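Only one structure is covered here, and it is reproduced in the block below.
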Amino acid sequence: NAGVTQTPKFQVLKTGQSMTLQCAQDMNHEYMSWYRQDPGMGLRLIHYSVGAGITDQGEVPNGYNVSRSTTEDFPLRLLSAAPSQTSVYFCASGSGYRSPLHFGNGTRLTVT
Amino acid sequence: EDQVTQSPEALRLQEGESSSLNCSYTVSGLRGLFWYRQDPGKGPEFLFTLYSAGEEKEKERLKATLTKKESFLHITAPKPEDSATYLCAVQARRAGNNRKLIWGLGTSLAVNP
Chain R
33 NAGVTQTPKF QVLKTGQSMT LQCAQDMNHE YMSWYRQDPG MGLRLIHYSV
83 GAGITDQGEV PNGYNVSRST TEDFPLRLLS AAPSQTSVYF CASGSGYRSP
133 LHFGNGTRLT VT
Chain X
298 EDQVTQSPEA LRLQEGESSS LNCSYTVSGL RGLFWYRQDP GKGPEFLFTL
348 YSAGEEKEKE RLKATLTKKE SFLHITAPKP EDSATYLCAV QARRAGNNRK
398 LIWGLGTSLA VNP
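Chains as they are written, first to last, in my numbering: chain R, 33 to 144; chain X, 298 to 410.
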């Protein structure tokens, strides 16, 4: 049982480059989300989805796009990377409203 | 404003030395309080959910409790493998579809053999 799988684990980008962070879950969870974790800031919600075809913004959505074409996959796109996007990115999924979130092991992104 | 504060920021214990971690929260209508453990280079791993004041949950050497203003994570006779960062998060009833969690900054626990 893989749970939530994120790729790549590490990535270095130059300012202005684009890339997609991949996230897949095999638990048939309707809810999926992206968080970023920065020192002194805690975890912050970027985007979320409550089901295939439905996405919405979290608290720090600027500079990121998402799509949800299947229940399993929820990729995060950086269209034009900026140094402020240097962070660790976590994908999380969950079932019911009061259920806990299950996290992947993260992608460490550095933008130079 | 909804807020979660964890203390202490860091804690060093000897193996077998019991202690407690604190999570104080301010939220308008609590849906749930979550405890997670995070190891270096890994994602948060779920430990407990508490929904109402007075509730307690246990798992091995860990016990979580909840009041109307704070939660404690009690660690009894810790072992070196309990070393990790412990994160607390709350979800407000008004969170709606986004299920937004308000996170604390964590307590970094080191247990020396």
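C-beta atoms are modelled at their ideal positions from N, C-alpha and C, and glycine is treated no differently.
The structure displayed is predicted, hence computed values, not measured ones.
Item                                                                                                                   : Value
Coarse secondary structure for X/Q303, derived from DSSP in three states                                               : strand
Beta-ladder partner(s) of R/T39, from DSSP                                                                             : R/Q54
Proximity test, Cβ basis, 8 Å: R/P132 and chain X                                                                      : yes
Burial state of R/L111, where buried means 16 or more other Cβ atoms lie within 10 Å                                   : exposed
Segment contact flag, the stretch 46-57 of chain R with the stretch 303-318 of chain X, C-beta cutoff 8 Å, min 3 pairs : no
Nearest residue (CA-CA) to R/Q89, options R/G74, R/P107, R/D70 and R/S65                                               : R/S65
Proximal residues of chain X, C-beta to C-beta of R/G85 below 7 Å                                                      : None at all; the shortest Cβ gap to chain X is about 14 Å.
Local Cβ density within 10 Å of X/R251, reported as buried at 16 or more and exposed below that                        : Absent from the model: residue 251 of chain X. The displayed extent of chain X is 298 to 410, so no value can be given.
The stretch 360-377 of chain X contacting the stretch 42-56 of chain R, beta-carbon criterion three pairs below 8 Å    : no
Residue interval of the beta strand (DSSP E) (run including X/E367)                                                    : E367 to I372
Per-residue contacts from X/K339 into chain R (C-beta, under 8 Å)                                                      : N137 and G138
C-alpha distance - X/T346 paired with R/L53, whole-angstrom precision                                                  : 29 Å
Any non-hydrogen atom of the ligand SAH within 7 Å of R/Q49 CB                                                         : The model depicted lacks the ligand SAH and carries no ligand whatsoever.
is_contact[R/L77, chain X] using C-beta, thresh 8 Å                                                                    : yes
Three-state secondary structure (DSSP) of R/N97                                                                        : strand
Interface partners of R/F122 on chain X, CB under 7 Å                                                                  : G340
Distance between X/Y333 and R/V143 (C-alpha atoms, nearest Å)                                                          : 28 Å
Unbroken beta strand (DSSP E) run spanning X/G411, endpoints                                                           : The structure shown does not extend to residue 411 of chain X, since chain X is modelled only from 298 through 410, so no value can be given for it.
Contact list for X/T346 against chain R, beta-carbon separation under 9 Å                                              : R130, S131 and P132
Alpha-carbon spacing of X/L318 relative to X/V408, whole angstroms                                                     : 14 Å
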